[in-house]
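Okay, structure first, notes after.
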Amino acid sequence: MARAEVVRSYRGISAANRRDERRDKILAAARRIWGEAGLTEVTVRRVCTASGLTPRYFYEHFTTRDALVLAVAEQVNEELFTTLIEASQAESGGLQPKLRQALTTYLDAIANDPSVHRILTSDAHSVAGLEELRTRAVGIVTDLVVQYSAEFLDAPADPEIRRQEALFVVGGINQLVATWLRDPRRPTADVAKLCTELALAVVNRSA
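Just remember that the numbering used here sits 3 ahead of the position in the sequence shown, which is counted from 1.
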């Protein structure tokens, strides 16, 4: 049997599982450093030291430091999207209570984790691809707004108009959230309430 075909287990853990564990350690270390010390402190050397792994294992999973940064940002975004969706699904009632609860829970998740707040407010232009990732995130939220508005409004609207309205809504909410991120002293419930009222004012316009 060729050497490349041999997959050894170590202490009952397969080679594939060990690779996954190493990747998780690298991601966790980078996220902790980014959240505590800032994006500029996320370096290959520092991440390897914090994770207890050698550069060999770093490059087993990430071609560059920026690739790791993007992976951490994607992980945070996925967690926040999951928070949005689960909070909305758990709330009974129509579009207004669902949107308000989803936004409140989303903002609470950021307010309760300073590392997430720091990751979201880091300069997106310093890492290639980070700005594009945030733009895609806005697109995902826009799709959710289109989906939920179509589900809860009685009168169907032209799909293109509905998406344009959703883009407007998400862009406005994004700016309000960005303002709150710069000075998060305002209660999350108040910010969520304002975002919901403004969003529904647009969504209901053509209902």
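Positions of the beta carbon are idealized from the N, C-alpha and C atoms, including for glycine.
Since the structure is predicted, the reported quantities are computational estimates derived from the model, not experimental observations.
9 angstroms Cβ cutoff met for residue i and residue j
i: Leu56; j: Phe65; result: no
i: Gln104; j: Ala195; result: yes
i: Ile113; j: Leu184; result: yes
i: Arg137; j: Gly41; result: no
i: Ala140; j: Phe84; result: yes
i: Arg166; j: Thr199; result: no
i: Leu3; j: Gly142; result: Absent from the structure is residue 3, since the part of the chain shown begins at 4 and ends at 210.
8 angstroms CB neighbourhood of residue i in its chain, flanking five on each side removed
i: Lys28; result: Ser54, Gly55, Leu56
i: Phe171; result: Val205
i: Leu203; result: Leu98, Gln99, Leu102
i: Arg189; result: Trp183
i: Asp126; result: Leu42
i: Val173; result: Val141, Val144, Thr145, Val148
N-terminal and C-terminal residue of the alpha helix (DSSP H) that residue i is part of
i: Phe65; result: That residue, Phe65, is in no alpha helix (DSSP H); it is neither H nor E in DSSP.
i: Asn177; result: 162-185
i: Asn20; result: 18-40
i: Pro100; result: 98-114
i: Arg189; result: Looking at the DSSP string, Arg189 is not in any alpha helix (DSSP H), and its letter there is neither H nor E.
i: Ala53; result: 47-54
Which listed residue (the options) has its alpha carbon closest to that of residue i
i: Val79; options: Ser118, Tyr60, Val50; result: Ser118
i: Pro187; options: Arg35, Leu123, Glu77; result: Leu123
i: Arg2; options: Gly41, Arg49, Leu42, Val75; result: This structure cannot settle anything about residue 2, because the visible part of the chain is limited to 4 through 210.
i: Asp161; options: Cys198, Val206, His128, Thr199; result: Val206
i: Arg68; options: Arg34, Asn177, Ala140, Lys101; result: Arg34
i: Leu106; options: Gly38, Leu147, Glu168, Asp23; result: Leu147
i: Asn115; options: Ala19, Thr199, Gly38; result: Gly38
i: Ile164; options: Val149, Ser129, Leu30, Asn177; result: Val149
Contacting residues, own chain, Cβ-Cβ under 7 angstroms from residue i (five flanking each side not counted)
i: Pro58; result: Val47, Cys51
i: Leu201; result: Gly175
i: Asp111; result: Thr191
i: Glu44; result: Ile36
Cut-off 6 angstroms between Cβ atoms - residues of its own chain near residue i, not counting five sequence neighbours on either side
i: Ala32; result: Val50, Ala53, Ser54
i: Thr108; result: Thr86, Ala90
i: Val180; result: none
i: Ala169; result: Thr145, Val148, Val149
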